[in-house]
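Chains as they are written, first to last, in this note's numbering: chain H, 3 to 496; chain S, 387 to 885.
For every residue, glycine included, the Cβ atom is placed at its ideal position computed from N, Cα and C.
None of the values given here were measured: they were computed from a predicted structure.
In what follows, a structure is listed as structure tokens, so that the remarks can point back to it.
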Amino acid sequence: MTDLTELGVAAIRGGVAKGDFTAREVAEAFNANVAAASALNAFIVTTPEKALEAADAVDAARAARKRLGSMAGVPIGMKDLFATKGVQTTAASHILGGFVPPYESTVSSNLWAAGAGMLGKLNLDQFAMGSSNETSYFGNVISPWRSRESNAELAPGGSSGGSSTAVSARLAPAATGTDTGGSIRQPAAFTGITGVKPTYGRCSRWGVVAFASSLDQAGPMARDIRDCAIMLGAMAGFDPKDSTSLDLPVPDWEAALNADLKGKKVGIPREYRMDGMDAEIEASWEQGKAWLRDAGAEIVDISLPHTKYALPAYYIIAPAEASSNLARYDGVRYGLRDLPEGAGLQDMYAATRAEGFGDEVKRRVLIGTYVLSAGFYDAYYTQAQKVRTLIAQDFANAFEQCDVILAPTTPSAAFALGDKSDDPLSMYLNDVFAVPASLAGLPALSVPAGLTQSGLPLGLQIIGKAFDEQGVMNAGLAIEQRANFSAKPDRWWA
Amino acid sequence: MSNYRIQGETGEWEVVIGLEVHAQVTSNSKLFSGASTMFGAEPNAQVSLIDAAMPGMLPVPNRECIRQAVRTGMAIEAQINKFSRFDRKNYFYADLPQGYQISQLYHPIVGEGSLVIEADEKAGIPQPKTIGIERIHVEQDAGKLMHDQHPTMSYVDLNRCGVALMEIVSMPHMTSPAEAGAYVRKLRSILRYVGSCDGNMEEGSMRADVNVSVRKVGSPELGTRTETKNVNSVRFVMAVIEQEARRQVDLIEEGGTVVQETRLYDPDKNETRSMRSKEDAHDYRYFPDPDLLPLELDDAFLEECRASLPELPDAKRARYTGELGLSDYNAAQLTAEVETFARFETLLAEAASQLGKSEAVVATQVANWTLSVAPGVIKSLGDDARMENNTAAANAAILKLVDAGTVSGGQAKEIYEIVLKTGREPDEIAETEGLKQQSDTGAIDAEIDKVLAANPDKVEEYRGGKDKLFGFFVGQTMKAMQGKANPQVINELLKAKLG
């Protein structure tokens with residue numbers, strides 16, 4: 003019998019629909035893998051009973067010949083940034099320790115309505131702030147991948163490191179991610195899976211713990227493009243409860259997948275080619291160009307002149323919004339409360355937040371508070387917003403000349419845990435290729451492109467026009483078909 | 387310029403006043419959530435997940451609140467900004483779950499406008515004065531802390547948290563407590579006409595932050611101002627200005643300087659005291675709320691807002707004195723409160739219809755009835771008055787009896803009393819209770835003859851030129867008729883007989 007955990011979303015859905023296996027069998031298989039993988043620390047809480055419950059509902063629906071949803075029978079991992087009714091939701095923080103929401107996020111509701119089930123809540127960088135998963139209060143996730151050269155534990159990427167690890171290690175066929183400045187794409191690249199950040203506003207932010215509201219965007223992380231297309235279709239849609247949600251119909255991306263790029267132009271941004279660029283990254287980028295040309299596309303050079311200002315602008319805007327978004331964690335209504343003997347309100351705030359937030363969260367709250375304060379606002383925040391406008395304009399100009407943009411996802415393959423944790427700037431640089439598309443709100447993805455000499459996955463990034471997830475996924479599919487990426491991590495953890 | 391002056395040791399001072407009025411927007415639900423805004427519910431009974439700032443919750447603007455702010459702006463003839471935006475005002479307090487208030491700093495929905503306060507000689511406002519309004523913006527109210535529920539802990543009630551407020555910011559155009567009082571009253575009246583705020587100051591629907599500074603008379607420079615927060619009645623606004631102006635003058639004359647600070651008013655002691663100075667002022671770190679798109683108003687929406695505006699106080703007053711020929715006093719009294727003009731206009735229409743005359747012809751009679759006669763009777767009856775009997779139809783029927791000369795003014799009041807107590811028909815009451823005046827010329831004629839016959843000397847004197855005696859004959863005749871004769875008929879008959 004097939005190992006069901008080797009199957010992706012489309013295969014599971016198809017097999018369940020045809021009756022090759024039951025949804026319950028699938029859920030049981032993944033539950034078993036999850037249970038055996040505690041060494042990876044990918045999950046903060048596991049919910050095997052939820053996965054079984056959803057599976058049984060699908061099996062019953064099938065038996066009753068009811069119409070099955072687009073994710074019917076597919077158990078997934080839920081990043082612990084999405085509020086799940088009755089299930090602890092922490093954003094990997096101490097300050098939300100034990101918080102059990104009485105509500106369900108729009109995106110997770112959509113997924114359950116499409117027939118998916120929940121294997122558990124996935125670990126992440128605390129409040130989605132981080133690129134290595136080391137800022138989680140619950141300890142870092144460990145990548146299932148290992149270099150051929152050393153047994154050092156590797157970063158699974160961040161912030162959606164639990165999601166990337168779960169999918170890559172076959173603990174889940176797919177998982178939700180959120181991407182504020184690369185948090186879907188970078189971990190996907192590090193673990194050899196596919197992750198799609200849709201256009202800002204495609205997926206409702208309602209019920210997603212906010213990091214930086216103008217950037218946060220949920221998306222799917224799965225084995226391949228088709229699985230991502232299916233899952234994104236289930237996640238997306240207009241939500242009147244989110245004022246920034248796009249009031250547009252959700253296209254049938256899966257049905258329109260097409261790897262023939264004849265007549266399409268692929269832009270290569272000159273500014274992404276940096277001094278001292280990793281040779282393997284450069285080679286992979288060249289390979290990507292060749293594959294896309296092979297798929298019929300024309301390769302054109304483009305310029306995104308303000309690229310170098312993107313990361314600094316991002317590290318003003320995102321912390322500014324975060325400093326305000328995280329003000330609600332004050333110990334008054336829910337989550338952690340630290341009330342020292344005889345303390346007043348201010349003391350309670352100080353004690354609770356000192357205890358409840360990790361260092362990286364504090365660092366960003368401080369940065370954000372600083373850049374918004376009187377006397378600095380114009381120099382930082384206003385300037386950063388102008389840069390943001392210029393970056394969006396760069397992309398708009400570039401898309402006059404091309405349909406999608408090809409770039410590396412990350413400047414390197416996965417680094418070892420601990421390598422960058424004492425050097426925030428070097429950590430932030432990991433998102434240098436991912437951040438511009440986030441600032442411009444554009445759809446982008448990372449698709450596996452191959453392995454480094456030391457056997458670690460590399461990803462290629464496709465960035466597209468606003469609302470053109472289809473174009474992005476089609477180009478991703480063209481790469482996927484040619485890269486033929488089949489490597490998977492050895493199962494050292496079980 | 388008012389002549390309000392503060393007499394100091396070193397000479398005369400004048401006061402400069404600006405007001406920021408927070409008016410609760412009339413709406414069923416809050417500014418960004420679906421929770422109810424009803425006053426007086428159990429603590430925390432009207433709190434949505436958004437109001438409590440649960441993780442991942444997002445604000446969605448309530449269209450009705452926006453509409454009310456726009457209508458209010460139109461009522462003060464202000465610039466309506468088709469593009470406005472919400473900003474976050476960040477500070478920590480237990481009554482502010484989000485850790486920020488959503489407000490509008492940079493791009494308010496309403497720009498410059500103005501209102502006119504009426505002349506009031508007695509209050510030292512010799513002529514009408516235009517008070518500039520700088521802006522109106524929309525923002526969330528905070529919750530309420532309760533400190534009297536527990537010996538060491540404070541309780542939080544979030545019912546009010548997230549309710550929509552309009553902050554209406556005046557220019558520093560007022561120069562006396564009376565002007566400030568008149569401004570608040572006029573603003574309240576406009577808000578109530580428009581229906582955008584119920585103006586109920588006791589329930590906190592309207593509160594004012596009072597900015598006061600003083601300067602030597604004639605000085606072009608503005609003094610340093612203080613801001614006294616959350617003043618919740620017109621009387622207190624005026625008291626704050628008096629106290630604060632006096633305090634500032636005394637302070638400066640004693641060689642001190644006024645510090646820019648936030649103060650609180652203590653009505654029990656009738657004094658203001660410092661809350662926090664500029665040095666410990668918060669840095670609110672305002673920035674555009676990234677959860678909300680800019681608010682863009684289209685022409686159709688604006689047109690709908692404009693079309694929905696009622697006749698406003700100034701226009702109504704002008705119509706009352708112009709078209710209806712009412713006195714300035716009556717027009718001012720009738721238009722001050724929504725309830726008063728509503729009652730007046732309903733009765734006016736009904737009376738004009740029952741009397742078969744134009745509104746202009748009956749307006750003064752209806753105004754006098756509405757403003758003095760009817761309230762006097764209602765007051766004298768106290769709890770015996772059953773207001774459900776106080777219908778426009780009944781009131782108009784009484785006015786018709788008066789107009790036709792069927793009943794006297796005094797009889798009208800008596801009939802009205804019975805109407806209020808019992809709900810019986812005025813015509814029927816006049817009939818069965820004998821509350822009709824005698825207009826039968828024959829009967830009056832006979833009594834006049836008797837009076838004249840009984841007073842031949844007075845008749846002689848009158849004819850000799852003592853005109854004042856006319857009243858005596860009227861009185862005697864009325865007495866003989868037991869007060870039920872139509873005085874007009876008596877007058878006419880007497881004149882004819884006395885020649």
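Neighbouring residues, chain H, relative to residue i (Cβ below 7 Å)
| i | result |
| --- | --- |
| tyrosine 486/S | Ser326, Ala329 |
| leucine 435/S | Tyr105 |
Span of the alpha helix (DSSP H) around residue i
| i | result |
| --- | --- |
| phenylalanine 856/S | 855 to 866 |
| valine 570/S | 563 to 580 |
Residues bridged to residue i (per DSSP)
| i | result |
| --- | --- |
| valine 407/S | Ile554/S, Ala594/S |
| glycine 269/H | Val302/H, Ile407/H |
| glutamine 219/H | Asp181/H |
| tryptophan 399/S | Ile392/S, Lys602/S |
| methionine 532/S | Tyr541/S |
| asparagine 476/S | Tyr486/S |
| proline 253/H | None; proline 253/H has no bridge partner. |
| leucine 681/S | Ser470/S |
| serine 422/S | Ser415/S |
| valine 210/H | Phe84/H |
Straight-line gap, residue i to residue j (C-alpha atoms, nearest Å)
| i | j | result |
| --- | --- | --- |
| alanine 154/H | alanine 418/H | 6 Å |
| serine 110/H | phenylalanine 472/S | 29 Å |
| serine 488/H | serine 456/H | 16 Å |
| serine 794/S | isoleucine 830/S | 15 Å |
| alanine 728/S | glutamate 878/S | 38 Å |
| methionine 237/H | cysteine 205/H | 6 Å |
| glycine 443/H | aspartate 543/S | 39 Å |
| arginine 662/S | serine 758/S | 49 Å |
| leucine 767/S | lysine 799/S | 11 Å |
| isoleucine 144/H | serine 40/H | 10 Å |
| glutamate 402/H | valine 302/H | 12 Å |
| alanine 753/S | phenylalanine 730/S | 7 Å |
| glycine 478/H | glycine 452/H | 14 Å |
| glycine 762/S | glycine 885/S | 40 Å |
| alanine 760/S | aspartate 584/S | 25 Å |
| methionine 131/H | glutamate 362/H | 7 Å |
| tryptophan 114/H | arginine 172/H | 20 Å |
| leucine 156/H | alanine 436/H | 20 Å |
| glycine 265/H | isoleucine 195/H | 28 Å |
| alanine 118/H | arginine 67/H | 18 Å |
First and last residue of the uninterrupted beta strand (DSSP E) at residue i
| i | result |
| --- | --- |
| phenylalanine 45/H | 45 to 48 |
| leucine 501/S | 499 to 503 |
| isoleucine 522/S | 515 to 526 |
| threonine 196/H | 196 to 199 |
Interface partners of residue i on chain H, CB under 9 Å
| i | result |
| --- | --- |
| methionine 532/S | By Cβ distance, chain H contributes nothing, its closest Cβ being about 14 Å from methionine 532/S, past 9 Å. |
| proline 483/S | Arg330, Asp332, Val334, Arg335 |
Contact list for residue i against chain S, beta-carbon separation under 7 Å
| i | result |
| --- | --- |
| arginine 207/H | Leu444 |
| serine 215/H | Pro676, Asp677 |
| glutamate 323/H | Pro676 |
| alanine 212/H | Gly442 |
| alanine 2/H | Residue 2/H is absent from the model: chain H starts at 3 and stops at 496. |
Neighbour list for residue i in chain S, Cβ cutoff strictly below 9 Å
| i | result |
| --- | --- |
| aspartate 303/H | By Cβ distance, chain S contributes nothing, its closest Cβ being about 34 Å from aspartate 303/H, past 9 Å. |
| serine 375/H | Asp669, Arg671 |
Residue i: contacting residues in chain H (beta-carbon distance under 8 Å)
| i | result |
| --- | --- |
| aspartate 684/S | None at all; the shortest Cβ gap to chain H is about 16 Å. |
| arginine 474/S | Ser326 |
Partners in chain S for residue i, counting only beta-carbon separations shorter than 8 Å
| i | result |
| --- | --- |
| proline 529/H | This structure cannot settle anything about residue 529/H, because the visible part of chain H is limited to 3 through 496. |
| proline 245/H | Just to set this straight, residue 245/H is serine in the shown sequence, not proline. Near serine 245/H (Cβ distances below 8 Å), the residues of chain S are Leu444, Pro445, Val446, Pro447, Asp677, Leu678, Leu679. |
#### Entry: Segments of 4+ residues assigned as alpha helix (DSSP H) that fall wholly inside the region 107 to 156 of chain H
108 to 115
### Task
Report the residue ranges of all beta strand (DSSP E) runs contained in full by the region 587 to 672 of chain S; include only those spanning at least 3 residues, in chain order.
592 to 602, 612 to 617, 647 to 652, 657 to 663
### Query
Taking the runs of the alpha helix (DSSP H) that are 4 residues or longer, which of them lie wholly in the region 336 to 398 of chain H?
347 to 358, 361 to 374
### Message
Just to confirm the assignment: which complete alpha helix (DSSP H) runs, minimum length 4, are found wholly within the region 437 to 494 of chain H?
### Response
437 to 442, 471 to 485
### Query
Which residue spans inside the region 742 to 780 of chain S form an unbroken alpha helix (DSSP H) run of at least 4?
745 to 754, 760 to 767
### Message
Quick check on the DSSP output: what are the complete alpha helix (DSSP H) runs of length 4 or more inside the region 26 to 84 of chain H, in order along the chain?
### Response
50 to 65
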